[in-house]
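Scroll down for the structure; my scribbles are underneath it.
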Amino acid sequence: MQTELAEARRRDCGECARRRRLVQVGPVDAATRGAHDRVLEQTRRARVDQLAAKRAQQRLRNRRRAQHTHSLECAGRAADQRVVREASEELRVVIVDRKHEPEPLEPLLALGAERHAPVDRLLCGSNLHALADAQCGRQQAVARVPRRVIQMSDAERERVRPGGSNDALELQLRRLARAPAAPRSSARCDTASASASVSCPHSRRNVPHSAADSASPSRSSIPTDVESERRRQLYARPMATGIALAVYGSLLAAGAIAVWVRPVRAIYAWIVGVAIHNAVGALLYHAGVRGHALTAIQAWKEILLAVALARVASTAVRRRTLPFRPRLVDAIAAAYGLVVCIYALIPQDALGGHADSHAVGLALKHNLIPVAAYFLGRSLVVTRRELVGIAWTLVVAAAAVAVVGLIDVYAVSISWWRRSAVVPYFHKQLGYDYHGTGGLPENFIYNVGGDKPFLRRLVSVFLSPLATAYMLVVALLVAAAFARRVRILAPLCAVAAAGLLFTFSRSSLIALAAGLVVLGVVRARVWPFVAAAATVAVAVAWVHVFPSIAPTGRFTPADIRQQHQTAHAHPGAQFNPESENEPSIRSHLTSLRDGARTVVHHPQGYGLGNAGQTASRTGTPIKAGESNYTEMGAEMGILGSLLWAAWAVALLLALAGAARRTKHWLAAGVTAAFAAAVVLAIQTDVIGDPWMGYVLWAVAGVTLTCRDEAPGVEAVARAPIPRVDAVRARS
275 MQTELAEARR RDCGECARRR RLVQVGPVDA ATRGAHDRVL EQTRRARVDQ LAAKRAQQRL
335 RNRRRAQHTH SLECAGRAAD QRVVREASEE LRVVIVDRKH EPEPLEPLLA LGAERHAPVD
395 RLLCGSNLHA LADAQCGRQQ AVARVPRRVI QMSDAERERV RPGGSNDALE LQLRRLARAP
455 AAPRSSARCD TASASASVSC PHSRRNVPHS AADSASPSRS SIPTDVESER RRQLYARPMA
515 TGIALAVYGS LLAAGAIAVW VRPVRAIYAW IVGVAIHNAV GALLYHAGVR GHALTAIQAW
575 KEILLAVALA RVASTAVRRR TLPFRPRLVD AIAAAYGLVV CIYALIPQDA LGGHADSHAV
635 GLALKHNLIP VAAYFLGRSL VVTRRELVGI AWTLVVAAAA VAVVGLIDVY AVSISWWRRS
695 AVVPYFHKQL GYDYHGTGGL PENFIYNVGG DKPFLRRLVS VFLSPLATAY MLVVALLVAA
755 AFARRVRILA PLCAVAAAGL LFTFSRSSLI ALAAGLVVLG VVRARVWPFV AAAATVAVAV
815 AWVHVFPSIA PTGRFTPADI RQQHQTAHAH PGAQFNPESE NEPSIRSHLT SLRDGARTVV
875 HHPQGYGLGN AGQTASRTGT PIKAGESNYT EMGAEMGILG SLLWAAWAVA LLLALAGAAR
935 RTKHWLAAGV TAAFAAAVVL AIQTDVIGDP WMGYVLWAVA GVTLTCRDEA PGVEAVARAP
995 IPRVDAVRAR S
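In this note's numbering, the protein residues as written are 275 to 1005.
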């Protein structure tokens, strides 16, 4: 053995420079010796590729058995072919698949302690090449040093580090505070060498290390520009929140003053503002405005409603009279609102519900917003010019929403939506638990089944195809009754109709046809019936045409696994849009049937917050959903469901009577739009869309008040003029 070591030390300088880390026995004959011939290898620390590790980049040579080491040599090869080039070619790129979809700010906030970094040094490690060349160094394969990665058979591996906070951000800041500032040039060298190590994992190069690196190997060299960017991000969120709150306070103060002076301006603000409400919320979330600050900003619509109601209430108190003549529909609306307030005060235990105070508050707002908006509209006395302004604002806003949506489905990829702030905004800010592609809402796309590419649906600034479709239906029906300046109105209606088709909301098309039928009845015209029949025909044809012209996208592997789990849980689904077993249609029918059964078997209700999207947001067991009628019954019992249905029917009849008597175009258009909403409420939570709850119910109240205060122009023109004889005055 000593003779062999002495002969190995007398190798020439050329062989020493190659650093093979092997002590050879006898003369080397590459042609006669195999790759697995016995060699004398110096006892030394194991290389990085020989350590069982948790990280993907440290398992390059362990193949599929990370807990065992593998030889770098292949049997039957010559000695000069120890490093397998084929494996080196295959392992040039290391791809790490994250478990969760990244947030928009995650790449900027991710620090050096990122667990998916491609290359990092072992804690308390040293120069492995230098230790391997030290012939006199007799050490174990894995030294028993604290905080070193060790191998344990059949055990879960984890990184060992001192106790303390697990926050990667805090640990990185402490490391940066202790480490001296590294030059940018050296940082670039370290980054380049790390990249080379990943691309060529079998290469044995001698990377020079300074004394500082050897003394403190755990400190990572981070570019100073990256450090400054990360530090800037620590203060970006509070700064963005402060700026957003300051701007919001100024705009809200100006809007509140304008609404106090003229309460009808709140309707204009809701038509435009509620349409872009979710889009602005997602942008603010991306900018760092989150939590209670974003919730306060999104309460602008409730604040304007409160200001408008306070103004009309103060006027009524000052004049000691109501601003409108009470009718039966008003009494039913007041009774419904009273029942909602009573059920909000009843303890959940007494009714068998499980909603907490937060869920009760959300349900209280959800159920009372239409009542408050309706009574605000009843209290407003508007002029004919303002009615025309409301109609034009509604139609133009709907056309703009349709244009934005059409551009989005063809110009913006679905992968951008997966990476956008929409996903965390819905999940973390609003509390929804969506399982669509990339965490988006399920109705964001239309699934054709069989893991095939899905179809994109128009979502626009509403970030929802259904909410967009509801606004477009209301705008089209109001425009059909308006029928003024056809050269301007026709292109706007064409764009809105195209947007409605690309939402692929079949229920909205059916509701549009029902609204046109009601419009024909109240106006006593034939063309609305023809338009309704054409709408049904287009809806049937569009089901077959849309898959061939709609933009498509592909599911991610995680989406496919989720689709398979859903298909296994609900077998027998048919992805034919006309079939009753289509997942969307079957879901609506099943929810409607189960909700009706719940109301019958539990007639007293479960209390507020136990049904619909309110229960979905707060994690409360859902007793009913997909229908306003069953949701009201599940929360407030049969009494609440009957009051809601009675109010909807009474309001529809009151609007129809006003349209027939006054012959006013706005009354006819609002009657048709409200009829469409009543149809939609059968299979969906129509007032769960804030735009419908604020705008449609407020405009309905304005229409009834307008009928009471002033007749339409056509009614005045057709009224008989009494004949008055001339009276000669005496001189």
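Ideal Cβ positions, reconstructed from N, Cα and C, are used throughout, including at glycine.
Contact check, residue i vs residue j, beta carbons under 7 Å
| i | j | result |
| --- | --- | --- |
| A919 | Y903 | yes |
| G789 | L751 | yes |
| G967 | P644 | yes |
| F948 | A932 | no |
| A587 | P597 | no |
| P739 | T777 | yes |
| A815 | V791 | no |
| M910 | G883 | no |
| A549 | V675 | yes |
| I1012 | A941 | Past the boundaries of the shown model lies residue 1012; the chain is included only from 275 to 1005, so the question cannot be answered. |
| W921 | Y610 | yes |
| A928 | V603 | yes |
| G247 | A510 | This structure cannot speak to residue 247, because the chain is shown only from 275 to 1005. |
| W971 | Y648 | yes |
Unbroken beta strand (DSSP E) run spanning residue i, endpoints
| i | result |
| --- | --- |
| R601 | Neither: R601 is in no beta strand (DSSP E) and is coded neither H nor E. |
Given residue i as reference, the closest of the options once Cα atoms are compared
| i | options | result |
| --- | --- | --- |
| A671 | T892, A753 and W690 | A753 |
| P537 | S653, I859 and I719 | S653 |
| C615 | L642, L568, A870 and V563 | L642 |
| R935 | V697, T977 and W971 | T977 |
| R891 | L926, L704 and H838 | L704 |
| A757 | G611, Y522, A665 and T840 | A665 |
| L519 | A570, G555, A764 and V535 | A570 |
| I677 | E576, A768, V952 and R799 | Residue identity check: residue 677 is Val in the sequence provided, not Ile. The shortest C-alpha separation from V677 is found at A768. |
| G635 | Y684, A618, G651 and F649 | A618 |
| T515 | R539, L557 and R601 | L557 |
| A624 | S689, G881 and P600 | G881 |
| H876 | G565, W690 and G626 | G626 |
| M745 | W534, A951 and S524 | A951 |
| A527 | W574, P512, A811 and R511 | W574 |
Proximal residues to residue i (C-beta, below 6 Å), its chain only, five neighbours per side dropped
| i | result |
| --- | --- |
| A813 | L783 |
| A741 | D963 |
| A898 | G869, T872, A885, T904, E905 and A908 |
| P802 | L790, L793 and G794 |
Continuous alpha helix (DSSP H) stretch holding residue i: start and end
| i | result |
| --- | --- |
| L763 | V760 to F776 |
| L729 | Note, L729: premise wrong, no alpha helix (DSSP H); beta strand (DSSP E) at F728 to R730. |
| R891 | G886 to T892 |
| Q622 | Q622 to L625 |
| E909 | N902 to T936 |
| T632 | For clarity, residue 632 is His in the given sequence; the question names Thr instead. Looking at the DSSP string, the run of the alpha helix (DSSP H) that includes H632 is S631 to S653. |
| L746 | P739 to F756 |
| T711 | Looking at the DSSP string, T711 is not in any alpha helix (DSSP H), and its letter there is neither H nor E. |
| V675 | R658 to A685 |
| I688 | I688 to R693 |
| F718 | Unbroken run through F718: none, as it is neither H nor E. |
| F948 | W939 to L954 |
| T979 | W971 to E983 |
Residues of its chain near residue i, where Cβ-Cβ distance is below 8 Å and the 5 sequence neighbours each way are ignored
| i | result |
| --- | --- |
| T667 | Y542, I545 and V546 |
| V692 | Val is not the amino acid found at residue 692; the sequence shown has Arg there. Taken in chain order, the residues that qualify are E375, T711, G712, G713, L714 and T830. |
| Q572 | H551 and G555 |
| T809 | L783, L786, A787 and L790 |
| Q837 | N721, D725 and F829 |
| A889 | A629, A633, G883, P895, I896, K897 and G899 |
| N717 | G710, R731, S738, P739, L740 and S858 |
Same chain, Cβ closer than 7 Å to residue i, neighbours up to 5 away in sequence not counted
| i | result |
| --- | --- |
| E363 | For E363, the predicted model reports a pLDDT of 45, less than 50, meaning its position is unreliable; a value from the coordinates is still stated below. Within the same chain, E363 has no close Cβ partners at all. |
| M906 | G914, S915 and W918 |
| Q957 | S781, H862, L866, E900 and S901 |
| S779 | P739, L740 and A743 |
| Y559 | L568, A695, P698, Y699 and Q703 |
| V796 | A930, A933, R934, A942 and T945 |
| L680 | L732, A772, G773 and F776 |
| I620 | G881 |
Check: Enumerated in chain order, which unbroken segments of the alpha helix (DSSP H) with a length of 4 residues or greater are wholly contained in the region 528-580?
Finding: 539-547, 551-561 and 566-571
Next item on the list: May I have a chain-ordered list of the alpha helix (DSSP H) segments no shorter than 4 residues that lie completely inside the region 791-846?
Entry: 801-823 and 831-843
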